[in-house]
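Participant: Using the numbering used here, the letters of the sequence shown map in sequence onto residues 36 to 385. Glycine is no exception: its CB is placed at the ideal position from the N, C-alpha and C atoms. Okay, here's the structure, questions in a sec.
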Amino acid sequence: MNNLTLSYTKSRVNSLLLGGMLVFLVVLGLFSLSQGAFSISFAQVVSILFPFDWVEYESRQVNVLYSIRLPRILMATLIGGGLGIAGASLQGLFRNPLVEPGLIGVSSGSALFAVIFLVFIPGIAQSFAWITLVGLPLFAFLGGLIHVLAVYFLGGRGKTDTATLILAGVAINALAGALIGLTLFYADDAALRSFTFWSLGDLGGASWAKVPLAAGLILLPSLLLIGESKNLNALSLGEQEAFHMGVNVKQTKIKLLLLTALIVGVGVAFTGMIGFVGLIVPHLIRISFGADHRLVLPASFLLGAILLNVADLIGRTWVAPAELPIGVITALLGAPFFIALIFQLHKSRS
36 MNNLTLSYTK SRVNSLLLGG MLVFLVVLGL FSLSQGAFSI SFAQVVSILF
86 PFDWVEYESR QVNVLYSIRL PRILMATLIG GGLGIAGASL QGLFRNPLVE
136 PGLIGVSSGS ALFAVIFLVF IPGIAQSFAW ITLVGLPLFA FLGGLIHVLA
186 VYFLGGRGKT DTATLILAGV AINALAGALI GLTLFYADDA ALRSFTFWSL
236 GDLGGASWAK VPLAAGLILL PSLLLIGESK NLNALSLGEQ EAFHMGVNVK
286 QTKIKLLLLT ALIVGVGVAF TGMIGFVGLI VPHLIRISFG ADHRLVLPAS
336 FLLGAILLNV ADLIGRTWVA PAELPIGVIT ALLGAPFFIA LIFQLHKSRS
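Laid out in C-alpha cells, this is it:
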C-alpha cells in the first residue's frame, strides 16, 4: 500500500470519526433540551424544533425551550469546544500534556480583568448594555493574553520542563487571585455576587444576545487554530526542526497565544471559570487516536463540546430543581484525571 493510499485511508477514517462525534453531539443536545426542572419530553422537543406534529405541546414549553435551554446548550457547545481546542493548542505549543488554560493562568487572568471591568466600570455598563456585551470579552481577552505571555516567558519560552512551567502557572494564578481579592475590596454587593459567578462557572446567564458574539469570537479563532495544525505537528518535533521545515516559529507562537487567549477570554467572560476541560479533552484524543493535530484540534473541539454539555446536563438534573455550578462538575471530573495523569508521567520516567 503506497503513501497516497495510506493518506487517503487515514483522512477517511478521521472524517468518519469527526462525523460520528458531531452526530453524537447533536443527539446529546436534543436529549439535553428535554431535561430539566420543567417537563418537556424528547418527542415534544423534536416536534417543537422540526415541522413534525408528533405530539402536542404547550406554548410555555416552547418558551422554555427557545428562551432558556437552547441558548444554554449552544453556549455550552461553543465554550466547551473552545476550551477543548485551546487546551490542545497550548499543549502542542508547550509540548507538554499537563498544560491547561486554567493551570497556566489564562482563565484566572481573564477572570481578573473581567472582575476589574465589573467593579470599576459599573455605571457605564448599566447605561449602555452593549458595552458589557463587547467590553467584557475584550477585557477578559486582554487579561488572558497578558497572563499566558507571563507564564510563557517565566517558563523559559516553552523550552523548560513540566515543573518550571507549572510553578510559573501557580505563581501567576496566585498573583491573579490576590489582585482579584484586592479588586473585590472596593466592590459592592452586586459585584461580589458577580464574582461568585466567575469563580464557580455557570451557564445560567446564557442568552440569545450572547450566543452570536460568542460564536463569532470562538468559531473563527478555532478555525484559524485548525489551520495551524501542520505547524503544530512540526513544533512537536522541536523548534529547530520546525524552523528547518519552513515554519515561522515566532509568528506561529504569537498567533497561537493570541487565538487561545481570545477563546478562553470569551469563555470566562460569558460563563466564568470552567477548569480541566482543556486538560482532559486533548489528552483523551491523543491517547485514543494519536498526536496528529489535524485530527486532535477538531476532535478536541467536538469532545470539549460534548463534555461540557454532559457536565451541564448533570448540573441541571442532579439536584433539580436547583442547579450545580458547571465549574464544580468539571472540577470533580477533571481533578482525579489530572492526578492520574501525574502518576502516569511519574511511571514513564521511572
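(1) Among 305, 253, 269, 315, whose alpha-carbon lies nearest the alpha-carbon of residue 298?
(2) Find the nearest neighbour of residue 238 within the set 91, 343, 122, judged by alpha-carbon distance.
(3) Thinking just about the alpha-carbon of each residue, which of 155, 64, 244 is nearest to the one in residue 217?
(4) Just the C-alpha distance for residue 121 and residue 91, rounded to the nearest angstrom, thanks.
(5) At 4 residues or longer, and completely inside the stretch 179-266: list those alpha helix (DSSP H) runs for me, N to C.
(6) Cα separation between residue 201 and residue 189?
(7) In the structure shown, what three-state DSSP assignment does residue 367 receive?
(8) Mapping the DSSP letters down to three states, classify residue 88 as helix, strand or coil.
(9) Which residues in the same chain as residue 269 place their Cβ atom closer than 6 Å to its Cβ, once the five residues preceding and following it in sequence are excluded?
(10) Tell me the rounded alpha-carbon separation between residue 371 and residue 94.
(11) Going by Cα to Cα distance, which pick from 337, 89, 274, 127 is closest to residue 264?
(12) Would you grab the beta carbon distance between residue 240 and residue 309 for me? Rounded to a whole angstrom, and I think it's under 8 Å.
(13) Determine the DSSP secondary structure at residue 110, reduced to helix, strand or coil.
(14) Under the three-state reduction of DSSP, which class applies to residue 136: helix, strand or coil?
(15) Within the same chain, show all residues whose beta-carbon is closer than 7 Å to that of residue 36, passing over the 5 residues directly before and after it, in chain order.
(16) Flag this pair as yes or no: are the beta carbons of residue 295 and residue 141 separated by less than 8 Å?
(17) Just to confirm, are residue 303 and residue 317 a CB contact at a threshold of 8 Å?
(18) Nearest by alpha-carbon distance to residue 292: which of 353, 185, 329, 363 is it?
(19) When you compare only the Cα positions, how much space is there between residue 153 and residue 210?
(20) Taking 7 Å as the limit between beta carbons, can you name the residues of its chain near residue 261, skipping five residues before and five after?
(21) Can you tell which of 171, 213, 199, 147 has the C-alpha that lies nearest to the C-alpha of residue 181?
(22) Mind checking which residues open and close the alpha helix (DSSP H) that includes residue 392?
(23) If contacts are defined as beta-carbon pairs under 8 Å, then residue 178 and residue 212 qualify, I think. What distance do you get, rounded to the angstrom?
(24) By DSSP, does residue 333 sit in helix, in strand, or in coil?
(25) Looking at residue 307 and residue 369, is the spacing between their C-beta atoms short of 8 Å?
(26) Could you give the distance in angstroms between the alpha-carbon of residue 340 and the alpha-carbon of residue 382?
(27) Once DSSP output is grouped into helix, strand and coil, what is the label at residue 272?
(28) When DSSP labels each residue in this structure, what does residue 280 get in the three-state scheme?
(29) Is it the case that the Cβ atoms of residue 113 and residue 68 are separated by a distance below 8 Å?
Facilitator: To lay it out plainly:
(1) The option with the nearest alpha carbon to residue 298 is 253.
(2) Residue 343 is the option with its Cα nearest to residue 238.
(3) Of the candidates 155, 64, 244, the one whose C-alpha sits nearest the C-alpha of residue 217 is 155.
(4) In this structure, the CA atom of residue 121 is about 42 Å from the CA atom of residue 91.
(5) You should have 197-219, 224-235, 246-262.
(6) Cα-Cα distance, rounded: 10 Å.
(7) It is helical.
(8) Coil at residue 88, not helix or strand.
(9) Here the set comprises 277, 280, 282.
(10) Each residue's alpha carbon lies about 43 Å from the other.
(11) Residue 264 has its Cα closest to that of 127, out of 337, 89, 274, 127.
(12) Taking C-beta atoms under 8 Å as the contact rule, residue 240 and residue 309 fail to qualify, at a distance of about 13 Å.
(13) Three-state result, residue 110: helix.
(14) Three-state result, residue 136: coil.
(15) Reliability of the predicted coordinates at residue 36 is poor, the pLDDT of 49 falling under 50, and the value obtained from them is presented with this limitation in mind. There are no such residues.
(16) Yes, Cβ-Cβ distance for residue 295 and residue 141 is below 8 Å.
(17) For residue 303 and residue 317, no; Cβs fall outside 8 Å.
(18) Residue 292 has its Cα closest to that of 185, out of 353, 185, 329, 363.
(19) Going by C-alpha positions, residue 153 is about 19 Å away from residue 210.
(20) In its chain, beyond the 5 residues on either side, 332, 333 have a beta carbon closer than 7 Å to the beta carbon of residue 261.
(21) Residue 181 has its Cα closest to that of 147, out of 171, 213, 199, 147.
(22) A query on residue 392 cannot be resolved here, the shown segment of the chain reaching from 36 to 385 and no further.
(23) Their Cβ separation, rounded to whole angstroms, is 13 Å, which puts residue 178 and residue 212 out of contact at 8 Å.
(24) Reduced to three states, the DSSP call for residue 333 is helix.
(25) No, they are not a contact pair.
(26) Going by the C-alpha atoms only, they are around 31 Å apart.
(27) In the structure shown, the three-state DSSP call for residue 272 is coil.
(28) Residue 280 falls in the coil class under three-state DSSP.
(29) Taking 8 Å as the Cβ cut-off, residue 113 and residue 68 do not qualify as a contacting pair.
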